[in-house]
Every structure is written in structure tokens, then in C-alpha cells.
Amino acid sequence: MKPEKLYLISPREPSGATWLINCFLELGIKTYRETMGVMWERFKAEGYTLNPAEVRLKKWLPILSSRHTFNFHKDIEIEWTHHWPTARHQAHRIIYFVRDPRDALLSRYRRELPEMAFGEFLDFPDPYTLRNKIDTWCLFNEVWLQQSNVRCFRFEDYKRDADRTIRDVLHFVGIQAEDREILDALENSTFEKAATAEKKYREQHPEDTELINRASQVGTWQSSDETANITRIAEGAGRLLAYFGYEQQVEVAKKNYMPHASVLGFYKHLPVAPNFWCAESNGADISANRTQALQFVLSLDEDMLKRSGLSGYETFALLKGLEELMLGIKEGDGIRKIQGLVRRHTVKPWWRIVRAMEKHDIHLPSSVRGSLRRCRNLFKRGRYQVPSATGEY
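Okay, so the sequence shown: first residue is -8 according to the numbering used here, each after it adds one.
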């Protein structure tokens, strides 16, 4: 019989979900991340072993360093992801793990270390929503909470009482475990055990320099010197802070995601009710959102893109999304500015490859160079449009 599949969802920001994942593996629950490949490989008749291609997960999950073969429950499995919901999630139960956004966004900033101040980092739009980090965190939560069969668990409750939290999760999942098994799982999933496993991994893989800055503390925002930006987060995420029990109930209008939601294909793929985008606020918010988007496009340059720390794929997705938005709201200055950036980021790699080859005495035939030059000129004149990049939902 095919096992029931559940999803473990948490925002992109560090939320402590790896603690729960490690506990699941300790308790024999097959858990894996959403990847193009397969995290687990069959080992002998009944067991599993980690796919060598997934060795980097050892720096996150201590059990992967202490155990080499696994026997899992046959009736249930859990996939974890930070991606946006799609139709395929709707028939499954969802474990939703969340953390106070004031801590989560600050932790993400310290992990990614972009070459910009925290305030500028918050303002820089997400490549897919084209909204700032606060709005994107809110939207991610709001969209997932629209799905059926969602049960929320908080990072802060785990830090306060890990035993009760894991028991509540197991009750929702439908897995029974002995007290000794739960105690062992908790002892083997502590922050200290994770730090030891990470150190061992670093010694074996010094080439991996990615910072972890794993979620370990509650309320670090209270001692931060980013008071003004923390206040911005609290104001921007006020409704959700109250919903998740981080603050008292506040009177804050629902966020207005227009004109983005009416123009961008990304929003149209989100599985939400038709009236989800109908905001309680007036048209002034739409005008403000439109003006803010245009001002960002007009101020955007190569230096800002570099300092953002976005990958090449994310940069291209951002630029194509901004182009789609400017075309949708018919802002001529914004269209011209962003299309210039798009052309530079789609043409340059061809010529970088050619120059790199020539440095190693690999010369392309003149006919090939001529074809590349003609294609470059067509893109420069705007006769061809580069297909839109598809975001990871």
C-alpha cells in the first residue's frame, strides 16, 4: 500500500524546521526534501541510505552523521519544502512550522550577508512576488493558511517545551512512539548536537562555505540595534503576529497586493479563493504600490543587483518579473529601464563564453561568431523576447 504523504512547510527564513526533520528521522519517519533527485536510496531489502549527492544535508541534520542506514514506517512519509503552494498540495495534510518574523527576517539577513544594510535588504523585492521581504513573508503565510488540513506549530513553543511540541506534532501526523523513543529523538536533535555535526561536516568539506546561522534563540530581535526596522516588521506583519500569538490583537487592514496580483503570472498560479485578492483598503494603496514599484525600477542598477546577493537565476527572474509588471501597468519609463537591464543580462553570457574560450586558444568559426553577433543585435533591437523564467512555487 502506498504511504500517506504529508508536507512540512516553513518560510524561507530560518524557522527551526530542521529540528523537527531530525526528530522525524530519529523516530523512523521517512522525511525528504523537494529536489529533482532522490534523497534516499534503497539499501538491501528494507532499509535506506542517504544519496551521496545529498551529503551537504549532514551540516543541517545530525542524524545523517551518526547513522548510515535507516528503516522507515511504511504507512507515512513527509516532504519538506519552503516553496509556495500548488494544486498538488491540496489533497494532503500540512505541518506548518513558523517563527516570529522579527527574529526570522533578522536571522535570514545574517545568514545571507548581502552587501547592504538591513533596511535596504528588507526593501529589496523578492524575485517572484516583487514585494519587499516583509510583504513576501506575510503573503507566504497567508496563502498557505488558505489551504485545507493545515496545522500550525511555532518555533517558540518548541524552544519552550520540546517534548510537548513533538508529541503534538506526532498526534497530528498519527504516529505513536514510546516515551524512550521520543526522549532519544529530542536528545539527538538539540542545537549542540547539530553544531557538532556541522563542525564534523566542515572538517570533511572545507570547500562548502555557506553560512548556516541556524535558528536557536527566541526574541533576539529585542536586543538588536535595528529598532526602527524591527518596528517596521511589527507594523507590516501586525495581523499575522496577532494570529500566531506573538502580539495582542491589532487593528490592521488586510494587505493590498494590487497591482501585482492582477498583472503577474506568479500570483495567478497561487491556489487561493477568488476573493483572496480583494483588499479592505482603498485605491490609494494600489497607487502607492504602483509608485513604489516604479521608483525601485528607476533606481535599480548593476551595483544594486550585485549587492543583493541574488543568484544568476534569481536575478533573471527578478528582471523578467519587473518587466512584466511595468508592461502590465504601462509605465513607459519603467519599461525602457528594465528592458535595458534584461537585454544586458541575457546577451552578456554568450560573449563571456566566447572570450573565455579564446583565452584558452579555442576559436569559434567565423560563421558561428557571426550568428551570435546577429542574435545579439536582434535582442538589442527588441525584436525577440526572452521567455519568462518560471519561479519555484
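Even glycine gets a Cβ: it sits at the ideal position worked out from N, Cα and C.
In this text, all values refer to a predicted model and were calculated from it rather than measured experimentally.
Item                                                                                                  : Value
As assigned by DSSP and simplified to three states, the class of Cys269                               : coil
Three-pair Cβ contact test at 8 Å for the region 90 to 98 versus the region 73 to 80                  : no
Trp51 (DSSP reduced to helix, strand or coil)                                                         : coil
Cβ-based burial, Val288 [other Cβ within 10 Å; buried from 16]                                        : buried
His351 to Ala284 span [Cα, whole Å]                                                                   : Confidence at His351 is low in this model, with a pLDDT of 49, below 50, so its placement is unreliable and the value that follows should be read with caution. When rounded, the distance between both Cα atoms is 44 Å.
Buried versus exposed, by CB contacts within 10 Å (16 or more), Glu32                                 : exposed
Under 8 Å between C-beta atoms of Leu261 and Val134                                                   : yes
Inter-residue spacing [alpha-carbon to alpha-carbon] between Lys190 and Phe88                         : 26 Å
Buried versus exposed, by CB contacts within 10 Å (16 or more), Cys14                                 : buried
Residues bridged to Val141 (per DSSP)                                                                 : Ile85
Coarse secondary structure for Arg122, derived from DSSP in three states                              : coil
Distance CB(Leu97)-CB(Glu217) smaller than 8 Å                                                        : yes
At least three beta-carbon pairs within less than 8 Å, the region 116 to 126 to the region 289 to 308 : yes
Minimum length 4: unbroken alpha helix (DSSP H) runs contained in the region 263 to 309               : 274 to 290 and 293 to 299
Tyr237, enclosing beta strand (DSSP E) - first and last residue                                       : Taken as a continuous stretch (DSSP letters only), Tyr237 belongs to no beta strand (DSSP E), as it is neither H nor E.
Candidates Pro(-6), Trp212 and His59, of which the one nearest Asp66 by Cα                            : Pro(-6)
Segment contact flag, the region 30 to 44 with the region 56 to 71, C-beta cutoff 8 Å, min 3 pairs    : yes
Residue-chain proximity (Trp51, chain B), Cβ-Cβ < 8 Å                                                 : In the structure shown, chain B cannot be found, because there is only a single protein chain.
Alpha carbon of Arg374 to alpha carbon of His251, nearest angstrom                                    : Low per-residue confidence applies at Arg374: pLDDT is 41, beneath 50, and the placement is therefore not dependable enough to give any value.
CB contact flag (Glu172, Leu18, <8 Å)                                                                 : yes
Closest by C-alpha distance to Ile125, when choosing among Ala8, Lys246, Ser253 and Arg334            : Lys246
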